[in-house]
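Structure first, commentary second.
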Amino acid sequence: MRKLLIVDDEKNIRLGLKSMIDRQFSGQYVFYFASDGEEALNIVENEAIEMLITDIRMPVMDGISLINQLQDRENKPAIIILSGYDEFQYAKEAIRCEVKEYLLKPIVRDELFQVLNRLETELTQKKAIQEQLVRSQLMKEEYAEGQLNYVLMNDQVTSDEIRERLLKVGLDWMDQGFYVGLIKISENGQPDQRIHMGSKMDCLLRCACDAHCTRFDDKNGKVVMLSSQLEVLEHVTSQMSHDHFYTFRIGISERLERVEYIREGYAQAGKALNYFMVQHGSGAIHYHAVQMKNADYELPLDEVRKIANMLGTGRDAEMMRLLVYVLDMKRIAHYEIGYLEGISHALNELVFDKVCHVYGEESIEILRLYKLVGNIYNFDHYQDYYHNVKSLLQRLNDYVGQVRSVHNGRKEMQRALQYIQDHYDQDLNMAMVSNYVSLNYSYFSQAFKEYTGESFVGYLRKLRMAKGKELLETTDFKVYEVSAKVGFENVKHFTRVFREMEGISPLEYRTQRELLHRK
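Just remember that our numbering sits 330 ahead of the position in the sequence shown, which is counted from 1.
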């Protein structure tokens, strides 16, 4: 339904127009009324009025003043003037303000209806054109974003190809100089606000009238901004950093010229952004502020190896002192970010990967932490990374200690095997056995496999099959009775497992054995 505003200082005329239009176009309009131009402006301010019918001579603000006030609006309504005066001055002003129709009073119904029908057609066509333009613009933006991500993520792309692709999407202005901003937004416990924040950033960029700007999301989920002016990126940072619902961080490149240097600018912005690992809060870090950081360092690889060797040995305090030394914040802050990245890589390769490969990933919590600390940039700040590394190391230390104690204490495994021998004919599972020998479920699983060479389920199944074959050979029990006596809930399951392991059914096995004995 169209929103139609009728403006006239005479109430009878307002209601008469409504009645006339409603009879002809039943249910097509939502009507609003105003007695002067000022009141009409207030309604237009709060409602998306699409058509406006106004008198000229009214108190407070007349119709000509009203239509002049509406000229600067982005989505101004289609205007029809009704007047009892056929004056050239009014008509000239109406033409200047792009009034759709100038009708004289008394109103001729057919003329008014023709005008409304024509305006309806025009508005429908205008909406279709606008929607097409929006779709076209979205396609253009998506294409440009695709080209930008292609050149940023493809290490094999040449300078000539970068230039060709980006000039095609209208980024030739970058030849005159540009900055790259790479943004990471962390939501402080709030629901996803990326759409809202994206709209806010777009609004700020549109206000930068004298600068060329563009914004898009890269394949890593970060926001990339390109701007011809540094002040634009700094203004966006200033406006976006005040919100307490999220943390806004941006790394800003040096000024570069020529479009093919976009990859260099992106790398600079990314490196600057990484320094937020050792810096709290929102804001901006410029590449020029960190590019000269001390790169003359030697990674503490011997200490990292010692940490790996100490796992599960009971030397917990010494191991944690080494971790504090390796991840010393003062030393990390002194060097360029590659030092922290190198330590993280060493911990992954020499400690976490090695331990998980040797001892397995039995614990869900260990596996979760293992995947999380594998990349320091999964965290917003160094302290978060440190605490998660410490937690993972403690869990691995306990886990390896338990496994080693099991390896060193064969009595626990022997007790477990004896318990299985005594209870194989009952409803038995690994949790029951691990509880019996007082070992953690995950540790027991790993230790049992290393001790016996097979999984708990596989071991129990083989034992039950061996006992079942023994009963088939030495007793006259029915197959279903044998099934129950070796711990199977139903004979179908017993028969299926028996056939999988022996290649024949229990009855065929018994018959075969009887024939062999007769011979």
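For every residue, glycine included, the Cβ atom is placed at its ideal position computed from N, Cα and C.
C-beta atoms of residue i and residue j nearer than 8 Å
| i | j | result |
| --- | --- | --- |
| E633 | L652 | yes |
| V589 | I492 | yes |
| V510 | G595 | yes |
| L758 | G817 | yes |
| Y749 | Y766 | yes |
| K549 | N604 | no |
| R344 | F363 | yes |
| Y754 | K799 | no |
| G507 | R635 | no |
| V562 | A541 | yes |
| R734 | G672 | no |
| Q477 | L497 | no |
| D339 | S365 | yes |
8 Å contact criterion, which residue i and residue j should meet: CB distance rounded
| i | j | result |
| --- | --- | --- |
| W503 | S558 | 6 Å |
| I637 | Y712 | Actually they do not touch by this definition, with Cβ atoms about 18 Å apart. |
| L629 | V685 | Contact doesn't hold; Cβ gap of about 19 Å is too wide. |
| V481 | I592 | 6 Å |
| S516 | Y576 | 6 Å |
| L535 | Q569 | Their Cβ separation, rounded to whole angstroms, is 11 Å, which puts L535 and Q569 out of contact at 8 Å. |
| I706 | S674 | 5 Å |
Where residue i falls, given that 16 or more other Cβ within 10 Å makes a residue buried
| i | result |
| --- | --- |
| N405 | exposed |
| E785 | According to the sequence shown, residue 785 is Ser rather than Glu. Flag for S785 reads exposed. |
| Y771 | exposed |
| I580 | buried |
| P389 | exposed |
| H618 | exposed |
| K307 | Because residue 307 is not part of the residues shown, which for the chain are 331 to 849, the question remains open. |
| M527 | buried |
| T544 | buried |
| H616 | buried |
| I834 | exposed |
| A599 | buried |
| L347 | buried |
| H687 | exposed |
| R439 | exposed |
| H610 | exposed |
| F418 | Unreliable placement is indicated for F418, whose pLDDT of 45 sits below 50; the coordinate value is still reported in the next sentence. Flag for F418 reads exposed. |
| M649 | buried |
| I459 | exposed |
| I525 | exposed |
| M531 | buried |
Other residues of its chain near residue i: CB distance less than 6 Å, five sequence neighbours each side excluded
| i | result |
| --- | --- |
| A408 | M381, K430, L449 |
| E666 | K623, A625 |
| L850 | In the structure as shown, the chain starts at 331 and stops at 849, and residue 850 therefore has no counterpart that could be examined. |
| T567 | I580, A614 |
| E844 | none |
| M760 | F786 |
| Y716 | L657 |
| L670 | I662 |
| S764 | Y771, F774 |
| L846 | none |
Bounding residues of the beta strand (DSSP E) (the contiguous stretch that carries residue i)
| i | result |
| --- | --- |
| M381 | 381 to 385 |
| K333 | 332 to 337 |
| H616 | 613 to 616 |
| S772 | Segment 771 to 782 is the alpha helix (DSSP H) holding S772; no beta strand (DSSP E) there. |
| M555 | 553 to 557 |
| G500 | Where G500 is concerned, there is no enclosing beta strand (DSSP E), given that its DSSP letter is neither H nor E. |
| A364 | 359 to 364 |
| S413 | 408 to 413 |
| P431 | As written in the sequence, residue 431 is Glu, which differs from the Pro given in the question. Note, E431: beta strand (DSSP E), 431 to 434. |
Limits of the unbroken alpha helix (DSSP H) element including residue i
| i | result |
| --- | --- |
| S568 | 560 to 570 |
| A538 | Taken as a continuous stretch (DSSP letters only), A538 belongs to no alpha helix (DSSP H), as it is neither H nor E. |
| H753 | 740 to 753 |
| T451 | 439 to 483 |
| I394 | 393 to 399 |
| R585 | It is not in any alpha helix (DSSP H) - R585 carries neither H nor E in the DSSP assignment. |
| T841 | 836 to 848 |
| A370 | 367 to 376 |
| F786 | 786 to 804 |
| G668 | 668 to 677 |
8 Å Cβ cutoff, residue i in contact with chain B
| i | result |
| --- | --- |
| Q621 | The chain inventory of the structure shown lacks chain B, comprising one protein chain alone. |
Contacting residues, own chain, Cβ-Cβ under 8 Å from residue i (five flanking each side not counted)
| i | result |
| --- | --- |
| G393 | V337, G367, T384, D385, I386, R387, I411, S413 |
| L433 | I410, I411, L412, S413, E441, L442, V445 |
| Y850 | Shown here, the chain extends from 331 to 849; a query on residue 850 therefore has no answer. |
Sequence-distant residues of the same chain with beta carbon closer than 7 Å to residue i, five excluded per side
| i | result |
| --- | --- |
| K552 | L512, I513, K514 |
| M831 | M795 |
| L677 | V634, V719 |
| V680 | According to the sequence as given, residue 680 is Leu; it is not Val. Excluding positions up to five away in sequence, the list reads V634, R635, A638. |
| V821 | V809, Y810, S813 |
Check: residue i C-beta below 7 Å from any heavy atom of the ligand SAH
| i | result |
| --- | --- |
| F508 | As for the ligand SAH, it is missing from this structure, which has no ligand bound. |
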